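Novice:
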Amino acid sequence: MILPTDQFPPTQKPSESVSGVTVRLAGDSGDGMQLLGTQLTNTSALSGNDVATFPDFPAEIRAPRGTRAGVSGFQVQFSAEEIFTPGDGLDALVCMNPAALITNISDLKKSGILIVNSDSFDAKDLKLAKLEVSPLEDGTTDPYRTIHVPMTKLTRGAVESTGLSTKFADRCKNFFAMGLVFWLFGRDVEPTLRFIDNKFGKKAPEVAEANRLALKAGWNYGETTEDFASTYQVSAAELPSGTYKNVMGNQALAWGLVAAAKLSEKELFLGSYPITPASDILHELSKHKNFGVRTFQAEDEIAAVCSAIGAAFGGSMAVTTSSGPGIALKGEGMGLALMLELPMIIIDVQRGGPSTGLPTKTEQSDLLMAMHGRNGESPLPVIAACSPADCFQAAIEAWQVATKYMVPVMILSDGYIANGAEPWRIPEVDSLPKIPVSHPSGQKLSGEPFLPYKRDENLARPWAIPGTEGLMHRVGGLEKEDGTGNVSYDPDNHQHMVETRARKIAMAADFIDELDVDGPENGTLVLSWGGTYGSCRTAVKTCQANGKSVAHAHLRWINPFPKNLGEILKRYDNVLIPELNTGQLRLLIRNEFMVDAKGFNKIKGKPFAVSELVEAIEAIA
Amino acid sequence: MSTELPVLKAKDFESDQDVRWCPGCGDYSILAQMKKVLADIGAKQESTVFVSGIGCSSRFPYYMNTYGMHSIHGRAPAFATGLKSTRPELDVWVITGDGDALSIGGNHLMHVIRRNLDINIVLFNNSIYGLTKGQYSPTSKIGKVTKSTPRGSIDHPLNPLSIALAAEGTFVARSVDSHIKHLVATLKRASEHKGTSFVEVYQNCNVFNDGIWEYAKSKKTKDETTVVLEHGKPLVFANGKKGIRLNGFEPEVVELDGNVSVDDLLFHDEKSTQPHLANVLARMRHPEFPEPIGVFRAVERQTYDEGINQQVVDAREEQGDGDLAKLFASGDTWTV
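Residue numbers (the working numbering), protein chains in the order written: chain Y, 1 to 621; chain L, 1001 to 1336.
#1: If you scan the region 407 to 474 of chain Y from start to end, which runs of the alpha helix (DSSP H) of 4 or more residues do you find wholly inside it?
#2: In chain L, which residues lie with their C-beta within 8 Å of the C-beta of Y:Gly331?
#3: Check whether chain L comes within 8 Å of Y:Met1, counting only Cβ atoms and requiring the distance to be less than that.
#4: Determine contact between the region 289 to 307 of chain Y and the region 409 to 418 of chain Y, defined as no fewer than three beta-carbon pairs at a distance below 8 Å.
#5: Which one or two residues does DSSP pair with Y:His148 in a beta bridge?
#6: CB-CB under 6 Å to L:Ala1167, same chain, minus the five flanking residues each way: which ones, in chain order?
#7: Excluding the five sequence neighbours on either side, which residues of its own chain have a C-beta within less than 7 Å of the C-beta of Y:Arg455, listed in chain order?
#8: Taking only beta-carbon atoms, is Y:Gly70 less than 8 Å away from chain L?
#9: Using a threshold of 8 Å, state whether the C-beta atoms of L:Lys1141 and L:Pro1157 are closer than that.
#10: Among residues of its own chain, excluding the 5 on either side of L:Leu1324, which ones have a beta-carbon nearer than 8 Å to its beta-carbon?
#11: Count Cβ pairs between the region 542 to 557 of chain Y and the region 375 to 391 of chain Y that sit closer than 8 Å; are there 3 or more?
#12: Along the alpha helix (DSSP H) that carries Y:Trp183, what are the first and last residues, could you check?
#13: Just checking my contact of L:Asn1102 with L:Thr1139 at CB under 8 Å: how many whole Å lie between their CB atoms?
#14: By the 10 Å Cβ neighbour count, where 16 or more other Cβ atoms means buried, how is L:Gly1152 classified, buried or exposed?
#15: Any beta-carbon of chain Y closer than 8 Å to the one on L:Ile1308?
#16: When Cβ atoms are compared, which residues of the region 250 to 263 of chain Y fall closer than 8 Å to chain L?
#17: May I ask you to list, following chain order, the residues of the region 1054 to 1088 of chain L that have a beta carbon less than 7 Å from some beta carbon of chain Y?
#18: Along the alpha helix (DSSP H) that carries Y:Ala170, what are the first and last residues, could you check?
#19: What whole-angstrom Cβ distance do Y:Pro86 and Y:Gln75 have, given they're in contact under 8 Å?
#20: Which residues in chain Y have a C-beta closer than 9 Å to the C-beta of L:Ser1047? List them in chain order.
#21: Does the separation of the CB atoms of Y:Glu267 and L:Thr1086 fall below 8 Å?
#22: To be precise: take each residue of the region 301 to 326 of chain Y, compare its Cβ to all Cβ atoms of chain L, and keep it if any distance is under 9 Å. Which residues remain?
#23: For Y:Ile2, which residues of its own chain have a beta-carbon under 7 Å away from its beta-carbon, when the five flanking residues on both sides are left out?
#24: How big is the Cα-Cα spacing for Y:Asn522 and Y:Ile577?
#25: For Y:Asp6, is the classification buried or exposed, using 16 other Cβ atoms within 10 angstroms of its Cβ as the cut-off for buried?
#26: Using C-beta distances below 8 Å, list every residue in its chain close to Y:Val51, excluding the 5 sequence neighbours before and after it, in chain order.
#27: Where does L:Val1145 sit, in a helix, a strand or coil, going by DSSP?
#28: Could you tell me how far apart the beta carbons of Y:Asp348 and Y:Ala370 are, in whole angstroms, since I believe they sit closer than 8 Å?
#29: In whole angstroms, what separates the C-alpha of Y:Leu91 from that of Y:Arg503?
#30: Under the rule that 16 or more other beta-carbon atoms within 10 Å means buried, what is Y:Asn546, buried or exposed?
#31: Would you mind reading off the limits of the alpha helix (DSSP H) that contains Y:Gln233?
#32: Residue ranges of each beta strand (DSSP E) run of no fewer than 3 residues wholly in the region 234 to 270 of chain Y, ordered along the chain?
#33: Tell me, please, which residues DSSP counts as bridged to L:Arg1297.
#34: L:Arg1285 by DSSP, collapsed to three states: which one?
#35: Quick one: complete alpha helix (DSSP H) runs, 4+ long, within the region 337 to 376 of chain Y?
#36: Start and end of the alpha helix (DSSP H) containing L:Met1110?
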């Protein structure tokens, strides 16, 4: 099918070149802002920009329409330079209703572009947003370049020929907004036209046509209206050469797991129970059955982790995925897994807590639970992915450690990187590490008893699997005698086993990379972990450009810590640990290294803004 | 040329661990019959896995010279699900008790049965918590005086077979620890069934709940207090003197005294597509009725492990074996 891209002629207006743009699209949950944002992101990535995104949506599927609680937002920064965050201040903000405007306007830079759907600012809309006066009339929007667009009316007119009812016609207004935004930033419409065709072309051709017409009307509106004197162009970024793909964190995690299974010649079993924001890993993995992936949607979180342990016992690459509340439920199962010394992966996509907390918002507040949230002395290796694309690598490393040391490994992600997107340089499959996994082979009755807890040089026990002749053995949660694996209540054996289980995790420090420091060897060190990598890195770079002696180090492995961490920490006068919690890594660092680290802590369900980090760093640097 | 396969005896299924149940515990008999069953059916040590939860019965795997996992309280069905889904060729047995299966593990029991995972569940029902030293269990009767219910239990008890049937169980049976022949026959039937087989075994805890099933165990009373189910046969008990007749939806005990003949009785149909009859039988309780023992229901339905593995086979057939390079290149990409 020939796509009518010729109906979107290049602009005749002057075009201003800018290095990067941060745009936020905000509307009601039902307004299709996430879809608009995803299209803008993919298109920008395809045009070679570096991109970073931040979707922000309510926990309710259909929050009351038009209210502040129901506002759904999607922020994307696209840039000609390498970027690590979705941006702080907005260059442009699109608001589909008053609630969206009032909850987002404070992030728009002075003189930034504000595009509003002026058709949705009547008395009823204002009342839903709990506003007495229209913000379009009371001076709220004065500092900005505000452009009133009667989107509802224009969209209805544009799609009239399709015969769609008003209700359906109104659903096309996000495509109108998209057309306008695409025009303004010189984006290519071809990928979106292809998307429309794939999504609606066959099953609802009239909807496909209406969306195309709305997109075109938005594009033409930009070209025609005198509100815009020029468009903006963002040229391609100079990324390392290679083939790229835009990935979200959950997708990258799923692909990393699939890759790790393949690299270890294992079939993957996922036991999972749906929970925000981790469910997309289950959805993604369930698509890849041709890789030998088996996904089990369990009856609850406990069954999910336990089924994974059963699969690990059987010799599969076993995984369970969840978020904080689910991980709390899995605690006992995880304890058994570490007692059985079976390899598996437990993924916690963190969200705001405690309890049900803020399901769709991000936080780093499960770190101490990951480290200590089980009964007894029960350490586990913990790796925290630092960005959406890094989730791929984190999954592979986690499986390497799990199999090398025969231990369950926790991967921490968070809502911000799970749903955020960035370009991922597609690796050459041959360049990925092979993950050697072996199972002892069967033995006939030779008189030598099989020792299921006999350890190798990594303190790993043999992964003997059912079906193997002569290696029958029983495992369980009761303390066991080293070597034989028999139940043992011997006091000295218990101490030995507790210490051995901890020691092999400490030994994993031999495997993981040493910590890199970006910046000077003294002064102030910013130590970050997990999903705040991008904002911390950008903030430190800004401080360095301001002439401050500030360095940055970022932890991915938190248990064990990289071997050189203690030595690095001691070099600096100040250590600042920014975290989206009340200071959980800081507690661990102070405890382990006796370093008087300072914290910068934010618990608002939102990622760090670079500007607030710069301020915090410069206050002590 | 013929290859002689070594024939395993019951003793070959015995592990080197000392059995630590209380002397006189009903578990000993079940353990002995299980070993016999495995030998009789030609089970292989290495292909057999016993999975258990927590409780006295759940120590069972340690005593079997097979693969085994003594897991956590109530969760054995979940472990079995992960294991059997990925290793469908293994014979997986779940050993559980009334507290483990029906209290803390109630959720998993219900779901494993409705999914029809091809495993065998043996529930040792002694109507008491033994390992924690004598609290009432979900199958204890109202009024049961225990350490945690000095004024008597006020909890209405669960009927394990009703739970299994409500969860769409495809094989539901009951036996008694000391009825050696019946227990062996029932466990064999369970092992042959494709799908989840659920066997409740009346098991005596001689320390904390001694004699709870005496009516069904005692040679003196069992003919009057139990009725043995056989497919296609009428429900006759008390040495042929009494039978069970259906009056509408209600069972009733009738005397076979000439006025009522065997032909008037309820005939057992374990293969009925609907579980109505099995439900009626499951609800017959002592002392009002003789309690049925045997196979209540045995029907065929796709198993979970078949389903999950078939989808993998189908996906590979349709999409080809997974190729990482192809996966990575799917969707929109660009080259710098």
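Each residue gets a CB set at the ideal place from its N, CA and C atoms; glycine is no exception.
Note that the structure is predicted; figures quoted are calculated from it, not measured.
Specialist: In terms of the structure at hand:
#1: Entirely contained in the region 407 to 474 of chain Y, the alpha helix (DSSP H) runs reaching 4 residues are, in chain order, 415 to 419.
#2: For the purposes of this step, residue 331 of chain Y is taken as residue 331 along the first sequence, with counting starting at 1. In chain order: nothing, as chain L lies at least about 10 Å away.
#3: On the first sequence, position 1 is the one that residue 1 of chain Y refers to. Confidence at Y:Met1 is low in this model, with a pLDDT of 43, below 50, so its placement is unreliable and the value that follows should be read with caution. With 8 Å as the cut-off, Y:Met1 does not count as an interface residue toward chain L.
#4: The way I'd put it, the region 289 to 307 of chain Y doesn't touch the region 409 to 418 of chain Y; fewer than three beta-carbon pairs between them come closer than 8 Å.
#5: As a working mapping, residue 148 of chain Y is identified with position 148 in the first sequence. Y:His148 is bridged to Y:Val116.
#6: Here residue 1167 of chain L refers to the residue found at position 167 when the second sequence is read from its first residue. These residues qualify, in order along the chain: Met1110, Ile1113, Arg1114.
#7: Taking the first residue of the first sequence as position 1, residue 455 of chain Y is located at position 455. Excluding sequence neighbours, Y:Arg455 sits near Arg461.
#8: Residue 70 of chain Y sits at position 70 when you count from the first residue of the first sequence. False, the Cβ-Cβ gap to chain L never drops below 8 Å.
#9: Mapped onto the second sequence, residue 1141 of chain L falls at position 141. Mapped onto the second sequence, residue 1157 of chain L falls at position 157. It is a contact, given that the beta carbons lie within the stated cut-off.
#10: Translated into positions along the second sequence, residue 1324 of chain L becomes position 324. Correct list: empty, nothing qualifies.
#11: Yes, the region 542 to 557 of chain Y is in contact with the region 375 to 391 of chain Y.
#12: Here residue 183 of chain Y is taken as the residue at index 183 of the first sequence, counted from 1. 173 to 184 is the span of the alpha helix (DSSP H), which, as asked, contains Y:Trp183.
#13: Residue mapping note: residue 1102 of chain L aligns to position 102 of the second sequence, counting from 1. Residue mapping note: residue 1139 of chain L aligns to position 139 of the second sequence, counting from 1. Note that residue 1102 of chain L corresponds to Leu in the displayed sequence, not to Asn. Their Cβ separation, rounded to whole angstroms, is 7 Å, which keeps L:Leu1102 and L:Thr1139 in contact under 8 Å.
#14: The sequence position of residue 1152 of chain L within the second sequence is 152, counting from 1. Taking all protein chains in view, the Cβ of L:Gly1152 is surrounded by fewer than 16 other Cβ atoms within 10 Å, so the residue is classified as exposed.
#15: To locate residue 1308 of chain L, count along the second sequence from 1; it is residue 308. Yes, L:Ile1308 lies at the interface with chain Y (some Cβ there is under 8 Å from its Cβ).
#16: Within the region 250 to 263 of chain Y, the qualifying residues are Trp255, Val258, Ala259, Lys262.
#17: Cβ contacts with chain Y: Pro1061, Tyr1062, Asn1065, Thr1066, Tyr1067, Gly1068, Met1069, His1070, Ser1071, Ile1072, Arg1075, Ala1078, Phe1079, Ala1080, Thr1081, Gly1082, Leu1083, Ser1085, Thr1086, Arg1087.
#18: Taking the first residue of the first sequence as position 1, residue 170 of chain Y is located at position 170. Inspection of the sequence shows that residue 170 of chain Y is occupied by Asp rather than by Ala. 166 to 170 is the span of the alpha helix (DSSP H), which, as asked, contains Y:Asp170.
#19: Numbered from its first residue, the first sequence carries residue 86 of chain Y at position 86. Numbered from its first residue, the first sequence carries residue 75 of chain Y at position 75. Separation of the CB atoms of Y:Pro86 and Y:Gln75 is rounded to 5 Å, and the pair is thereby assigned contact status at 8 Å.
#20: Numbered from its first residue, the second sequence carries residue 1047 of chain L at position 47. Pro466, Gly467, listed in chain order.
#21: Start at 1 with the first residue of the first sequence, and residue 267 of chain Y comes out as number 267. Start at 1 with the first residue of the second sequence, and residue 1086 of chain L comes out as number 86. Against a cut-off of 8 Å, the Cβ pair of L:Thr1086 and Y:Glu267 comes out as a contact.
#22: The region 301 to 326 of chain Y vs chain L, Cβ under 9 Å: Ile302, Ala303, Ala304, Val305, Cys306, Ser307, Ala308, Ile309, Gly310, Ala311, Ala312, Phe313, Gly314, Gly315, Ser316, Ala318.
#23: Counted from its first residue, the first sequence places residue 2 of chain Y at position 2. Confidence in Y:Ile2 is poor, its pLDDT being 43 and thus under 50, which makes the residue's placement unreliable; the coordinate value appears in the next sentence. Cβ within range, chain order: n/a, list empty.
#24: In the first sequence, the residue the question calls residue 522 of chain Y occupies position 522. In the first sequence, the residue the question calls residue 577 of chain Y occupies position 577. Between Y:Asn522 and Y:Ile577, the C-alpha separation is close to 16 Å.
#25: On the first sequence, position 6 is the one that residue 6 of chain Y refers to. Within 10 angstroms of the beta-carbon of Y:Asp6 lie fewer than 16 other beta-carbons, which makes it exposed.
#26: Against the first sequence, residue 51 of chain Y aligns to sequence position 51. Residues of the same chain with a CB within less than 8 Å of the CB of Y:Val51, apart from the 5 flanking positions on each side, are Thr41, Ser44, Ala45, Val76, Gln77, Phe78, Ser79, Ile83, Asn246, Ala421, Glu422, Pro423 in chain order.
#27: The count along the second sequence starts at 1 and reaches residue 1145 of chain L at position 145. Reduced to three states, the DSSP call for L:Val1145 is coil.
#28: What you label residue 348 of chain Y is simply residue 348 of the first sequence in a count that begins at 1. What you label residue 370 of chain Y is simply residue 370 of the first sequence in a count that begins at 1. That pair is a contact at about 6 Å.
#29: Residue numbering aside, residue 91 of chain Y sits at position 91 when the first sequence is read from its first letter. Residue numbering aside, residue 503 of chain Y sits at position 503 when the first sequence is read from its first letter. The question names Leu, yet the displayed sequence has Asp at residue 91 of chain Y. Taking C-alpha positions only, Y:Asp91 is separated from Y:Arg503 by approximately 51 Å.
#30: The count along the first sequence starts at 1 and reaches residue 546 of chain Y at position 546. Classified as exposed, Y:Asn546 has fewer than 16 neighbouring CB atoms from the shown chains inside 10 Å of its CB.
#31: Within the first sequence, numbered from 1, the residue matching residue 233 of chain Y stands at position 233. Taken as a continuous stretch (DSSP letters only), Y:Gln233 belongs to no alpha helix (DSSP H), being part of the beta strand (DSSP E) at 231 to 233.
#32: As far as the region 234 to 270 of chain Y is concerned, its whole beta strand (DSSP E) runs of at least 3 residues are 243 to 248.
#33: Numbered from its first residue, the second sequence carries residue 1297 of chain L at position 297. The bridge partners DSSP lists for L:Arg1297 are L:Val1172.
#34: Locating residue 1285 of chain L in the second sequence gives position 285, where the first residue counts as 1. Judged by DSSP in its simplified three-state form, L:Arg1285 adopts coil rather than helix or strand.
#35: Segments of the alpha helix (DSSP H) lying fully in the region 337 to 376 of chain Y: 367 to 372.
#36: Residue 1110 of chain L sits at position 110 when you count from the first residue of the second sequence. Run containing L:Met1110: 1106 to 1115, per the alpha helix (DSSP H) assignment.
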